[in-house]
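Asker: Positions 1 to 100 (UniProt numbering) are the ones given, in order, by the sequence shown.
My questions will all concern the structure given below.
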Amino acid sequence: MRARREFRDRRDVEVAVLDALVDRAGDGMTVFEVRAAVDADIDDIEDALAALKRDGLISVENGDDDRVVILVADKVVPDPQEAQNEEQSVVDAIRDRLGL
């Protein structure tokens, strides 16, 4: 699942981090899991996490098993019906049409 449209006008790495966290919204992710899910340099990921935390889009908490997990803010997670009804971008429509 992708982050809500209004949060997609950020740096690519920030959007990739948000998308990864939205996929695991209930459980959160460790820094290592985020690093594995996002194809970016660790320094870029750290900068993205700092910017997202500063903007209130993520939080960092201790999990049940004493792991530190990163959670996405509820306002970033799209409503399931909203995600289904979201219009395709022109690029997505071209990809679908070409079978890519």
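Note that CB positions come from ideal geometry on N, CA and C, so glycine has one too.
Given a threshold of 16 other Cβ atoms within 10 Å of its Cβ, counted over all protein chains shown, does P80 qualify as buried or as exposed?
Answerer: Mapped onto the sequence shown, residue 80 falls at position 80. Classification of P80: exposed, given that the 10 Å Cβ count is below 16.
Asker: Run through the DSSP bridge pairs and tell me what E6 is partnered with.
Answerer: Residue numbering aside, residue 6 sits at position 6 when the sequence shown is read from its first letter. Per DSSP, none; premise fails for E6.
Asker: Let me know the alpha helix (DSSP H) ranges lying completely inside the region 6-34, each 4 residues or longer, listed in chain order.
Answerer: For the region 6-34, whole alpha helix (DSSP H) runs of length 4 or above, ordered along the chain, are 12-23.
Asker: Quick one: any contact between the region 56-74 and the region 40-48, if contact means 3 or more CB pairs under 8 Å?
Answerer: Counting Cβ pairs under 8 Å, fewer than three are found: no touch.
Asker: Report back the beta-carbon spacing between F7 and L57 to the nearest angstrom; my notes put them in contact at under 8 Å.
Answerer: Position 7 of the sequence shown, counted from the start, is the residue given in the question as residue 7. Position 57 of the sequence shown, counted from the start, is the residue given in the question as residue 57. With a Cβ gap of about 7 Å, F7 and L57 count as contacting.
Asker: In this structure, how does DSSP classify V76 when only helix, strand and coil are distinguished?
Answerer: Position 76 of the sequence shown holds residue 76. V76 falls in the helix class under three-state DSSP.
Asker: In this structure, how does DSSP classify V91 when only helix, strand and coil are distinguished?
Answerer: On the sequence shown, position 91 is the one that residue 91 refers to. Residue state, collapsed to three classes: helix.
Asker: Could you check what DSSP says for L71 in three-state terms: helix, strand or coil?
Answerer: For the purposes of this step, residue 71 is taken as residue 71 along the sequence shown, with counting starting at 1. L71: strand per DSSP, three-state reduction.
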